[in-house]
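**Student:** So the working numbering is basically just the index in the sequence shown, starting at one, shifted up by 511. Note that CB positions come from ideal geometry on N, CA and C, so glycine has one too. Below is the structure I would like to discuss, written out as structure tokens.
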Amino acid sequence: MIILFLILAFLEGCGYMARAAFVLDRVFRKFGLSGKSFIPMLIGTGCSVPGIMASRTIENERDRRMTIMTTSFIPCGAKLPIIAMIATALFDGAWWVAPSAYFVGIAAVIVSGIILKKTSMFAGEPAPFVMEMPPYHWPRFSNVMRSMWERASSFIKRAGTIILLASIVIWAGSSFGMVDGQFMFSTDLELESSVLGIIGGAVAWLFRPLGFGNIKAAVATVMGLVAKEEVVAVFGVLDFEGLTQLAAYSFLVFNLLCAPCFAAIGAIKREMNNRKWTWFAIGYQTLFAYAISLIVYQFGLAFTGQIQILGFVISVVLLIALLYMLFKPYKEATRFTKKAPNLS
Numbered sequence: 512m513i514i515l516f517l518i519l520a521f522l523e524g525c526g527y528m529a530r531a532a533f534v535l536d537r538v539f540r541k542f543g544l545s546g547k548s549f550i551p552m553l554i555g556t557g558c559s560v561p562g563i564m565a566s567r568t569i570e571n572e573r574d575r576r577m578t579i580m581t582t583s584f585i586p587c588g589a590k591l592p593i594i595a596m597i598a599t600a601l602f603d604g605a606w607w608v609a610p611s612a613y614f615v616g617i618a619a620v621i622v623s624g625i626i627l628k629k630t631s632m633f634a635g636e637p638a639p640f641v642m643e644m645p646p647y648h649w650p651r652f653s654n655v656m657r658s659m660w661e662r663a664s665s666f667i668k669r670a671g672t673i674i675l676l677a678s679i680v681i682w683a684g685s686s687f688g689m690v691d692g693q694f695m696f697s698t699d700l701e702l703e704s705s706v707l708g709i710i711g712g713a714v715a716w717l718f719r720p721l722g723f724g725n726i727k728a729a730v731a732t733v734m735g736l737v738a739k740e741e742v743v744a745v746f747g748v749l750d751f752e753g754l755t756q757l758a759a760y761s762f763l764v765f766n767l768l769c770a771p772c773f774a775a776i777g778a779i780k781r782e783m784n785n786r787k788w789t790w791f792a793i794g795y796q797t798l799f800a801y802a803i804s805l806i807v808y809q810f811g812l813a814f815t816g817q818i819q820i821l822g823f824v825i826s827v828v829l830l831i832a833l834l835y836m837l838f839k840p841y842k843e844a845t846r847f848t849k850k851a852p853n854l855s
């Protein structure tokens with residue numbers, strides 16, 4: 512993370528960021544985004560919150576909203592511990608897990624950009640690229656180091672504090688519960704009888720088609736909405752029992768793509784400045800993550816000969832729908848531009 516923050520600070524200081532956005536504008540336009548979307552997404556690799564806030568430099572409202580909705584698909588610093596945990600604990604440190612996680616995030620941005628641009632809410636000609644190009648120059652060493660230190664120290668303090676507090680809460684939640692009709696504390700309490708188990712059991716069924724419908728994974732996913740670091744804290748206190756490699760990868764995909772942490776959701780609300788658009792963004796991210804995770808798990812089962820008929824049929828329908836939206840001509844969407852619903 513420190514190396515990443517150092518590179519970001521250097522690129523910002525030397526004047527390269529604006530040129531990178533200009534060069535990538537032609538590429539980003541092909542899937543419905545502006546070249547200016549590159550900067551928020553690059554910043555978002557450190558933390559989604561400043562990445563989302565950086566979208567305010569995009570003048571076009573449609574492009575700005577789409578950038579806000581897709582920036583958190585790029586794995587941020589808080590998601591790196593999840594990737595490392597899954598890769599180490601369930602894939603024996605396999606080299607391909609981390610690159611594939613970033614590939615999934617980038618693919619999600621591209622697919623979402625194409626699909627959303629073909630809807631009536633986002634259809635229309637992209638705005639022309641206008642940005643001042645600062646001259647190339649060597650940044651001051653002190654400025655680069657200060658920027659790197661501020662970002663790194665903020666991340667370390669935030670991640671360390673959240674994981675510590677989350678570990679305490681999870682330990683307490685798994686140690687308090689109902690025993691013989693009485694609410695009590697016990698270090699030997701069955702997870703299903705604990706407060707944590709009751710919460711996880713209430714939502715675990717939702718994730719069963721994705722392969723991780725057990726209480727532990729459900730609790731980790733729900734806690735991840737507070738802060739993604741808490742996913743690691745949950746499995747640090749509990750364990751990985753009941754998760755196969757395929758289910759673990761499905762779990763990873765869902766937690767990479769679903770609605771971000773509360774801090775990022777707050778940033779989305781501030782930048783959208785509209786409650787309906789905020790809920791639309793959260794809903795889209797969660798449903799998109801569910802669909803992709805379902806496709807990954809059900810097709811993975813089919814390839815291993817353990818097909819689940821209903822789940823596989825639904826995943827095939829979802830895949831066909833995604834492919835249709837990807838290859839549907841743009842002009843079919845632009846016909847209805849004037850009738851676009853107003854979420855204001």
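Considering only residues of the same chain and omitting the five flanking positions on each side of Leu763, which have a CB-CB separation below 6 Å?
**Tutor:** What you label residue 763 is simply residue 252 of the sequence shown in a count that begins at 1. Answer for Leu763: Ile597, listed in chain order.
**Student:** Looking only at C-alpha atoms, which of Ile554, Gly777, Arg573, Val730 sits nearest to Ser685?
**Tutor:** In the sequence shown, the residue the question calls residue 685 occupies position 174. It is Val730.
**Student:** Given a cut-off of 9 Å, decide if Leu798 and Ser826 are closer than it, judged by their beta-carbon atoms.
**Tutor:** Mapped onto the sequence shown, residue 826 falls at position 315. Mapped onto the sequence shown, residue 798 falls at position 287. No, Cβ-Cβ distance for Ser826 and Leu798 is not below 9 Å.
**Student:** Less than 9 Å separating the beta-carbons of Ala663 and Phe838?
**Tutor:** The residue given as residue 663 occupies position 152 in the sequence shown. The residue given as residue 838 occupies position 327 in the sequence shown. Not a contact, by the Cβ cut-off of 9 Å.
**Student:** Quick check on this structure: which residue in Gly708, Leu736, Ile593, Lys739 has the alpha carbon closest to the alpha carbon of Gly724?
**Tutor:** One-based indexing of the sequence shown puts residue 724 at position 213. If we check each option's Cα against that of Gly724, Gly708 comes out closest.
**Student:** Might you give, ordered along the chain, the residues of its own chain that have their beta carbon closer than 8 Å to the beta carbon of Leu829, omitting 5 neighbours on each side?
**Tutor:** Mapped onto the sequence shown, residue 829 falls at position 318. Excluding sequence neighbours, Leu829 sits near Ala802, Leu805, Ile806.
**Student:** Per DSSP, Ser548 is paired with what?
**Tutor:** Walking along the sequence shown from the start, residue 548 turns up at place 37. None, per the DSSP bridge assignment.
**Student:** Taking 9 Å as the cut-off, decide whether the C-beta atoms of Arg540 and Met632 are in contact.
**Tutor:** As a working mapping, residue 540 is identified with position 29 in the sequence shown. As a working mapping, residue 632 is identified with position 121 in the sequence shown. No, Cβ-Cβ distance for Arg540 and Met632 is not below 9 Å.
**Student:** Grab the span of the beta strand (DSSP E) containing Gly688 for me, first residue to last.
**Tutor:** For this step, residue 688 is matched to residue 177 along the sequence shown. Gly688 -> beta strand (DSSP E) spans 687-690.
**Student:** Is the CB-CB distance between Thr568 and Gly562 below 9 Å?
**Tutor:** On the sequence shown, residue 568 is found 57 positions in, with the first residue counted as 1. On the sequence shown, residue 562 is found 51 positions in, with the first residue counted as 1. No; because the gap between Cβ atoms is not below 9 Å, this pair is not in contact.
**Student:** Between the region 778-795 and the region 727-744, are three or more C-beta pairs nearer than 8 Å?
**Tutor:** Not touching, per the Cβ criterion.
**Student:** Name the DSSP beta bridge partners of Ser705, please?
**Tutor:** Residue 705 sits at position 194 when you count from the first residue of the sequence shown. BP columns for Ser705 point to Gly688.
**Student:** Measuring only the C-alpha atoms, how far is Thr732 from Ile776?
**Tutor:** By 1-based counting over the sequence shown, the position of residue 732 is 221. By 1-based counting over the sequence shown, the position of residue 776 is 265. Roughly 16 Å between the two C-alpha positions.
**Student:** For Gln693, does the three-state DSSP call read helix, strand or coil?
**Tutor:** As a first step, residue 693 is located in the sequence shown; it is residue number 182 there, counting from the start. If DSSP states are grouped into helix, strand and coil, Gln693 belongs with the strands.
**Student:** How long is the line joining the alpha carbons of Phe746 and Tyr647, rounded to whole angstroms?
**Tutor:** Taking the sequence shown and counting its residues from 1, one reaches residue 746 at position 235. Taking the sequence shown and counting its residues from 1, one reaches residue 647 at position 136. In a straight line, the C-alpha of Phe746 is about 46 Å away from that of Tyr647.
**Student:** Can you tell me which of the three DSSP states Cys525 falls into?
**Tutor:** As a working mapping, residue 525 is identified with position 14 in the sequence shown. Helix, per DSSP.
**Student:** Have a look at Trp716, Ala759, Val706, Ile779 and flag the residue whose alpha-carbon is nearest the alpha-carbon of Gly811.
**Tutor:** Along the sequence shown, read from residue 1 onward, the residue named residue 811 stands at position 300. With distances taken between Cα atoms, Gly811 lies closest to Ala759.
**Student:** Could you spell out where the alpha helix (DSSP H) holding Pro592 opens and where it closes?
**Tutor:** In the sequence shown, residue 592 corresponds to position 81, counting from 1. Element bounds for Pro592: 591-601.
**Student:** With distances taken from CA atoms, which of Ala618, Ser653, Leu627, Gln796 is nearest Cys769?
**Tutor:** Counting from 1 along the sequence shown, the entry for residue 769 is found at position 258. That would be Gln796, whose Cα lies nearest to the Cα of Cys769.
**Student:** Could you name the residues of the same chain whose beta carbon sits closer than 7 Å to that of Trp649, not counting the 5 residues immediately before and after it, in chain order?
**Tutor:** In the sequence shown, the residue the question calls residue 649 occupies position 138. Counting only Cβ-Cβ distances below 7 Å, and skipping sequence neighbours, we find Cys525.
**Student:** Does the separation of the CB atoms of Ala800 and Leu767 fall below 9 Å?
**Tutor:** Translated into the one-based positions of the sequence shown, residue 800 becomes position 289. Translated into the one-based positions of the sequence shown, residue 767 becomes position 256. Cβ atoms of Ala800 and Leu767: closer than 9 Å.
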